[in-house]
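FYI, the numbering for the sequence shown is 742 to 920, going by the working numbering.
Note that the Cβ used here is the ideal one computed from N, Cα and C, for glycine as well.
Quick caveat: nothing in here was measured; it's all calculated off a predicted structure.
A quick write-up on the structure given underneath.
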Amino acid sequence: MSDLLGRAYQVAKAYLDSARGRLEEIDARAQEELRRSLPREDAPTPPSPLRGRGAGGEGGAGTYSNDPFERATAKIAEAQQRVAAQRQEAERREAATAPPPDPVATAYMIIGVPNGSDYLTVESAVNKLRARCAPARFPDGSPEQADAQVILQRVEEAFQVLKNALGTAGGGRFDKLEL
Numbered sequence: 742m743s744d745l746l747g748r749a750y751q752v753a754k755a756y757l758d759s760a761r762g763r764l765e766e767i768d769a770r771a772q773e774e775l776r777r778s779l780p781r782e783d784a785p786t787p788p789s790p791l792r793g794r795g796a797g798g799e800g801g802a803g804t805y806s807n808d809p810f811e812r813a814t815a816k817i818a819e820a821q822q823r824v825a826a827q828r829q830e831a832e833r834r835e836a837a838t839a840p841p842p843d844p845v846a847t848a849y850m851i852i853g854v855p856n857g858s859d860y861l862t863v864e865s866a867v868n869k870l871r872a873r874c875a876p877a878r879f880p881d882g883s884p885e886q887a888d889a890q891v892i893l894q895r896v897e898e899a900f901q902v903l904k905n906a907l908g909t910a911g912g913g914r915f916d917k918l919e920l
């Protein structure tokens, strides 16, 4: 029986040694990858967002930790800041190069009708908006009344743009007359 126990011990020990070897190999690869991803020791160390948390919590406000986790955290924070700066720069460039909006398309959008709608459709929509945004519907001096006046003014400006674009700016007496 002792031979069987000795054999089981040897098999278990071999299995554990094999597993320990694999774990050490994985750990060595991870350490090597971390070492390659972090800056060299002779290179200046970037400021860490976890400043002052050196080994054992020691270190003054001006010291940086040599802890790989803190350096990796600092590197990630710097990368996030660079990405945010690049995104803001791209948005600024896009806004600077974007063509100015088409006033007619904007007017159609304000009034709420599809682009290219005819004058009667536009006029009908404007009349409905005038009724909905009538400042008289709201109490005098209320913020809602002020908002309604601003909206009504924008609708009227958009209507004037569309009247000019559709060629009915004359406002003649017989504009709606069909022959």
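Could you check the C-alpha separation between residue i and residue j for me, to the nearest Å?
| i | j | result |
| --- | --- | --- |
| Arg777 | Ala813 | 11 angstroms |
| Ala753 | Leu745 | 12 angstroms |
| Gly795 | Asp808 | The predicted position of Gly795 is uncertain, since its pLDDT is 45 and thus under 50; no value can be drawn from it. |
| Glu773 | Ala825 | 29 angstroms |
| Val891 | Pro855 | 23 angstroms |
Tell me the DSSP secondary structure of residue i in three-state form.
| i | result |
| --- | --- |
| Leu779 | coil |
| Val854 | coil |
| Asn905 | helix |
| Asp744 | helix |
| Glu897 | helix |
| Ala826 | helix |
| Thr804 | Because the pLDDT of Thr804 is 48, which lies under 50, any placement of that residue in the model is unreliable, and the question is left without a value. |
Taking the alpha-carbon of residue i as reference, which of the options has the nearest alpha-carbon?
| i | options | result |
| --- | --- | --- |
| Phe900 | Gly747, Gln821, Asn807, Thr862 | Thr862 |
| Met850 | Val752, Leu775, Arg895, Gly747 | Arg895 |
| Lys816 | Ser759, Asp843, Arg770, Leu775 | Leu775 |
| Ala846 | Gly857, Ala877, Ala820, Arg763 | Gly857 |
| Arg871 | Gln829, Gly853, Gln821 | Gly853 |
| Val902 | Glu766, Glu864, Gly882, Ala875 | Glu864 |
| Glu897 | Gly882, Glu919, Ala887, Ala848 | Ala848 |
Check whether the Cβ atoms of residue i and residue j lie closer than 8 angstroms to each other.
| i | j | result |
| --- | --- | --- |
| Leu893 | Tyr860 | no |
| Ala866 | Phe879 | no |
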